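Visitor: Here it is: the structure, laid out below.
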Amino acid sequence: MNQPASLPLAESLLAAPLPAGGPAWLDAARREHRAAFAAGGLPDTRIEAWKYTALRGLAQRRFADGDAAAAARGVDVAAFALPGVEGPRLVFVNGVFRADLSALEALPAGVSLQPLSQALRGDAEPLRFALSRPALVGHGREAGDAFAQINAARAADGVVLRVAAHAKSIAPVRLVFVGAAADAELAWHARNVIELGEGAELDLVEQHVSLGEQAQLATLVSDIELGDHARLRHVVVQDAAAGANLIRRSGLRLHARAQATLHVLELGGALVRHDLRAELVGDGAQFHTRGVFMPHGRQHIDTQLAIRHQALDTTSSSHWRGVAGDRARGVFRGAIVVAPGADGSDANLSNKNLLLSPAAEIDTKPELEIYADEVKAAHGATVGQLDERSLFYLRSRGIPLGEARALLTAAFCRAMLDDLPNAVLREHLSGLLIAQLPA
Amino acid sequence: MNDTMINEGSTATALRDNAGVAEALGRSYSAGFVTQIEMTGLPPGLDEGTIRALSAVKREPEWMTEWRLEAYRHWLTMPKPDWAKLNIDPIDYQAISYYAAPKKQPKSLDEVDPALLETYEKLGVPLHERAALAGVAVDAVFDSVSVGTTFRKQLADAGVLFCSMSEAIREYPELVQKYLGSVVPTGDNFFAALNSAVFSDGSFVFIPKGVRCPMELSTYFRINAQNTGQFERTLIVAEEGAHVSYLEGCTAPKRDENQLHAAVVELVALEGAQIKYSTVQNWYPGDENGVGGIYNFVTKRGDCRGDDSKISWTQVETGSAITWKYPSVVLRGDRSVGEFYSVALTHHFQQADTGTKMIHLGKFTKSKIVSKGISAGRSSNSYRGLVKMEKGAEGARNYTQCDSLLIGKQCGAHTFPYMEVKNPTAIVEHEATTSKISDEQMFYCRSRGIGEEDAVSMIVDGFCKQVFRELPMEFAVEAKKLLEVSLEGAVG
Amino acid sequence: MLKIENLHARVEGKEILKGLSLTVNAGEVHAIMGPNGAGKSTLGNVLSGREGYEVTAGTVTYNGIDLLALEPEARAAAGVFLAFQYPVEIPGVNNTYFLRAALNAQRKRRGEKELDSMQFLKLVREKLKVMQISDELLHRAVNEGFSGGEKKRNEIFQMAVLEPQLAILDETDSGLDIDALKQVAQGVNTLRSPDRAFLMITHYQRLLDYVVPDFVHVLAGGRIVESGDKSLALKLEQHGYAGIGESRPAGAVA
Chain L
1 MNQPASLPLA ESLLAAPLPA GGPAWLDAAR REHRAAFAAG GLPDTRIEAW
51 KYTALRGLAQ RRFADGDAAA AARGVDVAAF ALPGVEGPRL VFVNGVFRAD
101 LSALEALPAG VSLQPLSQAL RGDAEPLRFA LSRPALVGHG REAGDAFAQI
151 NAARAADGVV LRVAAHAKSI APVRLVFVGA AADAELAWHA RNVIELGEGA
201 ELDLVEQHVS LGEQAQLATL VSDIELGDHA RLRHVVVQDA AAGANLIRRS
251 GLRLHARAQA TLHVLELGGA LVRHDLRAEL VGDGAQFHTR GVFMPHGRQH
301 IDTQLAIRHQ ALDTTSSSHW RGVAGDRARG VFRGAIVVAP GADGSDANLS
351 NKNLLLSPAA EIDTKPELEI YADEVKAAHG ATVGQLDERS LFYLRSRGIP
401 LGEARALLTA AFCRAMLDDL PNAVLREHLS GLLIAQLPA
Chain B
1 MNDTMINEGS TATALRDNAG VAEALGRSYS AGFVTQIEMT GLPPGLDEGT
51 IRALSAVKRE PEWMTEWRLE AYRHWLTMPK PDWAKLNIDP IDYQAISYYA
101 APKKQPKSLD EVDPALLETY EKLGVPLHER AALAGVAVDA VFDSVSVGTT
151 FRKQLADAGV LFCSMSEAIR EYPELVQKYL GSVVPTGDNF FAALNSAVFS
201 DGSFVFIPKG VRCPMELSTY FRINAQNTGQ FERTLIVAEE GAHVSYLEGC
251 TAPKRDENQL HAAVVELVAL EGAQIKYSTV QNWYPGDENG VGGIYNFVTK
301 RGDCRGDDSK ISWTQVETGS AITWKYPSVV LRGDRSVGEF YSVALTHHFQ
351 QADTGTKMIH LGKFTKSKIV SKGISAGRSS NSYRGLVKME KGAEGARNYT
401 QCDSLLIGKQ CGAHTFPYME VKNPTAIVEH EATTSKISDE QMFYCRSRGI
451 GEEDAVSMIV DGFCKQVFRE LPMEFAVEAK KLLEVSLEGA VG
Chain Y
1 MLKIENLHAR VEGKEILKGL SLTVNAGEVH AIMGPNGAGK STLGNVLSGR
51 EGYEVTAGTV TYNGIDLLAL EPEARAAAGV FLAFQYPVEI PGVNNTYFLR
101 AALNAQRKRR GEKELDSMQF LKLVREKLKV MQISDELLHR AVNEGFSGGE
151 KKRNEIFQMA VLEPQLAILD ETDSGLDIDA LKQVAQGVNT LRSPDRAFLM
201 ITHYQRLLDY VVPDFVHVLA GGRIVESGDK SLALKLEQHG YAGIGESRPA
251 GAVA
């Protein structure tokens, strides 16, 4: 049962007129998704997927629709500088594409990168299939998918990225989403469609940053489809300001022998929710994720990872670490489904967490749902403190307790970045992790 | 009415085709016979009148009747549960008879109807004290009533109260009033509320301060009558420093309809007390096509109320069409300990959703969970558990291990652990694996001359060792046999 | 340098050390031998300040100060080093980084200047050479994925860099093949000096073939029951621990 659409948040999301002027099918789809959102309302904690993330506070707020002045907002490129990552980039400010901040010159052959707003002005037909549904994976029809629905109704911009068969992007492609303070507290939405053709290779870096501490609500839905033998390396750095409420949904579909590796850092934001879903639909597909979430202050960071093995000999490995301090709450769900007939599946998931403060909380829920017997599946989860033996070892070598703790905590998180090939980026991200630790 | 009779309907046809298979089928649920005995009871249906009638038949005091009615009124307001992982045909609560009992109510074991004694003997639980299991006192519950309790005198000498719940309500009303519903409140959940309204009998155990119960206590539950629900209520209280080990066993005849079993078990352990509760649940699981079987919806909860107390649940679940139970422990006292050891085996169309909840409130509390799920046929077997470390659970610890074994390609094995941690000094650890019996293991056994089924039961037995070790000896042997029988036809 | 008097210690409520006394002077190498469960490892852990080891009676004086009153890191800074029997693996913490953090923390505590990374690297290279250890070890995480022999050599290498005054080697010889044992022994011998003392805890005599001790003590039942020179070790090797200490008063001090 959902909360009624009469709550201030739902009301404000429904109030403004829908984006118009697109192809007729898109306008119709927008109306349909908006109606679905109005009928379903916001999810509450009785819905399993929202059990540990109450929208009570957020549901009482109102956000203005979009930022009419986004094109003119002064944004310093230094705000999203990322060492070790040079190359083409698309930058969005409050959900609106900013050509002046973007860099599209250096696109390798076979890579097409453009904002959704532009793509819709040209031949929108190739996007019809994707944009007719709230999301590629899971179809957005599950209970609690309200935000995917409102995103499908409202998102007018985002990324359309295609890598042609066998094309390789050498430099990473960077997608930057900037939330900038405006006259009012804003809601904005972005929709990304990313396709890798057969044998294509792509390095992708996705960044979420803020200018100013103002409260915002952003929804982002990304569909990522990998053709046979395609390879994706995807790094997500979410370092938004404390006012940002970010609700993201990333859906990946992997065809035969495709491989996707994700590194996800969840550092900033107020209420942060990421639904990360993968369907391994082709034989031999591989999906690997490494993630760190470090809520502190009063942050609430919720990651919902769901992996479905649907084909033969598919592999997934998921390693996530959480560190919660102050009054923060970290939530993790890691669900693995091995569908009937998906023999040879190998699924492994671990989630380890450290609780640093008496007022912090960690809720974790690894799940296995297995319907095939030729399967290797295991998961583990822990919540606790640093290993006493390691602490003692460090102290016996003369390192003071506080420093020993910081060192081990940083190592605990940094381990998730160990297999990131870009050393400069890895060091930079390590620095971000350490900066997040209590002094 | 001079004897019991094996219900052979389902095996008769098979017998003509293949004697070997028939034998296997006949063996597959050996407790599936019906006892022919004159019964009395209430007609199907449920309203306040039913509850008053039930309470009257049982000669209960007014406060008990009121307690039931209050629970019933609460139940009416509760939504019917809806579980994603279970396939349940809607239950018609008006089609169930809430009270069934043998017509002759014996005053002592000597007066018990011979047909009943024979029933229990056949189930391996002789009630005559000269033949009785050495060192085990048994309370036998037949449909809605307790038909007899053995070794009463020896227990009384030690100060232990062990009797049927009906008797306890009449004889020890202060104790019952003090503890009944104190662990599982009447409105705790849909089936607990229903049970509170209509429970018919069950066992009552009270171990006074400092007493170590001199023998194992045991209740044997038997559903016999058709269209009857069994709603037993068990309450075990161990006062300061008391120790008790309690066993329960369950069977029912083969019938094509589903029957409902909705029990509530409450355990209270005061300071330094220890309660060990073992279950071998072998309710009729339905046939190989998923027809019939017991719906087993049970609320079991222990309350480690005192410091340094310990409650340990061990269960072997092989029966029932659907099992829904989460024996839990509330770790209230400092340094209290909760344990849950479980083997759940599902075959054919059985569905089991079982696990535990460990709620840590006290300082330095400890819990350990070991769950072994075995799925065969088209069955579905889920572990669902919660470990909660509340703010005050300073230095608390939990370790959970869940292993699933799949036998065949059409079954499901699932693990849904919830971990909620609010204390930074607590440690929670969970590990789970899923595997199947490997071809190499099978080949190795067979190349040494061990037949396929024996190899499977050997490997399954090894898989379950950690849990079997926790069972009292006689039960461990029975549990092992039960697994073998339940797995027949699972391979090949 | 080190004076242990009538030391009693408990682990998980069980008394393990029952009145142990021992004096170690600068420049000396002492071997502590004894059967399993005698309290050998407990002694090492108590001296280095591990949690869970409760001292119920007795004193430990180190260079005139009460060693037991110090936190583990303060003991390290004061020059006490424990080479662990089972060095813990610390994934994600680089060996070099760890060692530099340790050395600088100790120097800081002693009021010495911290080493910058160039100075540190120079020191490490020197020590690697002396210890005959490959620098590949520096790039790995602390003990992670190390073989048993590598872990023990890493302990000795750390000792070389940290230059303690009192080194306690807890069964450093266990689980080593003869080549690894020789390497470890050579490392220890290189570090022997007039102002440094060693306490070698071992079950077997064979380490003592390579690192020749000045004194050998037999620890049994939580006490030193016999003390002597290296010939005592040989005697133990021949006759075992049975019968040791029965002829002498317990609590003999070297």
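Residue numbers (full-length UniProt numbering), protein chains in the order written: chain L, 1 to 439; chain B, 1 to 492; chain Y, 1 to 254.
Heads up, the beta-carbon is just placed ideally off N, CA and C, and yes, glycines get one too.
Quick caveat: nothing in here was measured; it's all calculated off a predicted structure.
#1: With a threshold of 8 Å between beta carbons, is L/PRO438 in contact with chain B?
#2: Can you tell me which of the three DSSP states B/CYS304 falls into?
#3: To the nearest angstrom, how far is it from the Cα of L/VAL375 to the Cα of Y/LEU232?
#4: In chain order, which continuous runs of the beta strand (DSSP E) of length 3 or greater are located wholly inside the stretch 256–282 of chain L?
#5: Where in the stretch 70–153 of chain Y do unbroken runs of the alpha helix (DSSP H), each at least 4 residues long, occur, reported from the N-terminal end onward?
#6: Under 9 Å Cβ-Cβ, which residues of chain Y neighbour L/PHE412?
#7: At the level of alpha carbons, what is the spacing between Y/GLY228 and Y/VAL216?
#8: According to DSSP, B/ARG335 sits in a beta bridge with which residue or residues?
#9: For the beta strand (DSSP E) containing Y/ASN6, list its first residue and its last residue.
#10: Hey, is B/THR415's beta-carbon within less than 8 Å of any beta-carbon in chain L?
#11: State yes or no: is the beta carbon of L/LEU217 nearer than 8 Å to at least one beta carbon in chain D?
#12: So L/ALA230 and L/GLU198 are in contact, right, with Cβ under 8 Å, and what is the actual spacing, rounded?
#13: Please give me, in chain order, every unbroken run of the beta strand (DSSP E) with length at least 3 that falls completely inside the stretch 386–456 of chain B.
#14: Who does L/ALA64 pair with in a DSSP beta bridge?
#15: Which residues in the same chain as B/PRO417 place their Cβ atom closer than 6 Å to its Cβ, once the five residues preceding and following it in sequence are excluded?
#16: Roughly how many angstroms separate the alpha carbons of L/GLN299 and L/VAL272, rounded to a whole number?
#17: Within 10 Å of its beta-carbon, does B/VAL477 have 16 or more other beta-carbons around it, so buried, or fewer, so exposed?
#18: Please compile the residues from chain B whose C-beta is within a distance smaller than 7 Å of the C-beta of L/VAL375.
#19: With distance defined between alpha-carbon atoms, name the residue in B/ALA115, B/TRP75, B/SER435, B/VAL343 nearest to B/MET39.
#20: Identify whether B/GLU484 lies in helix, strand or coil by the three-state DSSP scheme.
#21: So what's L/ARG89 in DSSP terms, helix, strand or just coil?
#22: Counting only beta-carbon separations shorter than 8 Å, does residue 257 of chain Y have a partner in chain L?
#23: Less than 6 Å between C-beta atoms, sequence neighbours within five positions excluded: which residues of the same chain meet that for B/VAL176?
#24: For a cutoff of 8 Å on Cβ pairs, would you count Y/VAL88 as touching chain L?
#25: Between B/ASN189 and chain L, is there a C-beta pair that is closer than 8 Å?
#26: Measure the Cβ-Cβ separation of L/GLU63 and L/ALA146 and say whether it is below 8 Å.
#27: Would you list, in chain order, the members of the stretch 137–171 of chain Y that have their beta-carbon closer than 9 Å to a beta-carbon of chain L?
#28: How about Y/LEU191 and Y/ALA242: are their beta carbons less than 8 Å apart?
#29: In terms of alpha-carbon separation, which member of B/ALA158, B/PHE142, B/LEU194, B/GLY210 lies closest to B/PHE221?
#30: Any C-beta of chain B sitting closer than 8 Å to the C-beta of residue 442 of chain L?
#31: Could you give the first and the last residue of the continuous alpha helix (DSSP H) run that contains L/GLY57?
#32: Would you report the Cα separation of B/ALA242 and B/VAL138, rounded to the nearest angstrom?
#33: Is B/ASP403 near the ligand FMN, judged by its Cβ being under 7 Å from some heavy atom?
#34: Do you know whose CA, among L/GLU11, L/ALA180, L/ALA135, L/GLN118, lies nearest L/ALA68's CA?
#35: Give a yes or no on contact between the stretch 216–234 of chain L and the stretch 100–113 of chain L, applying the rule of three or more CB pairs nearer than 8 Å.
#36: Return no unless some Cβ of chain L is closer than 8 Å to the Cβ of B/GLU420.
Guide: By the coordinates alone:
#1: No, its Cβ sits nowhere closer than 8 Å to a Cβ of chain B.
#2: Reduced to three states, the DSSP call for B/CYS304 is strand.
#3: Answer to the nearest angstrom: the Cα atoms are 59 Å apart.
#4: Those beta strand (DSSP E) runs which fall completely within the stretch 256–282 of chain L and span 3+ residues are 259–266, 271–280.
#5: Here the runs fully enclosed are 72–77, 95–109, 117–131.
#6: In chain order: PRO91, GLY92.
#7: About 5 Å.
#8: DSSP output for B/ARG335 lists no bridge partner at all.
#9: Residues 2–11.
#10: Yes, B/THR415 counts as interfacial toward chain L.
#11: Here the protein chains are L, B and Y, and chain D is not one of them.
#12: For a cut-off of 8 Å, the C-beta gap from L/ALA230 to L/GLU198 is around 7 Å, short enough to register as a contact.
#13: With a minimum length of 3 residues, the continuous beta strand (DSSP E) runs that stay inside the stretch 386–456 of chain B are 397–407, 412–421, 427–436.
#14: Paired residue(s): L/LEU186.
#15: Here the set comprises GLY385, HIS430.
#16: Cα-Cα distance, rounded: 8 Å.
#17: Per the 10 Å Cβ criterion, exposed.
#18: By Cβ distance, chain B contributes THR434.
#19: Of the candidates B/ALA115, B/TRP75, B/SER435, B/VAL343, the one whose C-alpha sits nearest the C-alpha of B/MET39 is B/ALA115.
#20: Looking at B/GLU484 - three-state DSSP - the assignment turns out to be helix.
#21: Under the three-state reduction of DSSP output, L/ARG89 falls in the strand class.
#22: Residue 257 of chain Y lies beyond the range of chain Y shown here (1 to 254); nothing can be said about it.
#23: The residues are ALA168, ILE169.
#24: By this cut-off, Y/VAL88 is an interface position.
#25: Not one beta carbon of chain L lies nearer than 8 Å to the beta carbon of B/ASN189.
#26: The displayed chain sequence assigns Phe, not Glu, to residue 63 of chain L. No, Cβ-Cβ distance for L/PHE63 and L/ALA146 is not below 8 Å.
#27: Within the stretch 137–171 of chain Y, the residues whose Cβ lies closer than 9 Å to some Cβ of chain L are ALA141, VAL142, ASN143, GLN158, LEU162, listed in chain order.
#28: With contacts defined as CB atoms closer than 8 Å, Y/LEU191 and Y/ALA242 fail to qualify as a contacting pair.
#29: The residue with the shortest Cα to Cα distance from B/PHE221 is B/PHE142.
#30: Residue 442 of chain L is absent from the model: chain L starts at 1 and stops at 439.
#31: That run of the alpha helix (DSSP H) goes 56–59.
#32: If I take the Cα positions, the gap works out to 20 Å.
#33: For the structure depicted, the ligand FMN is absent and the ligand set is empty, with no information on it obtainable.
#34: Of L/GLU11, L/ALA180, L/ALA135, L/GLN118, the smallest CA-CA separation from L/ALA68 is found for L/ALA180.
#35: The stretch 216–234 of chain L vs the stretch 100–113 of chain L: no contact.
#36: With respect to chain L, the C-beta atom of B/GLU420 has a partner C-beta closer than 8 Å.
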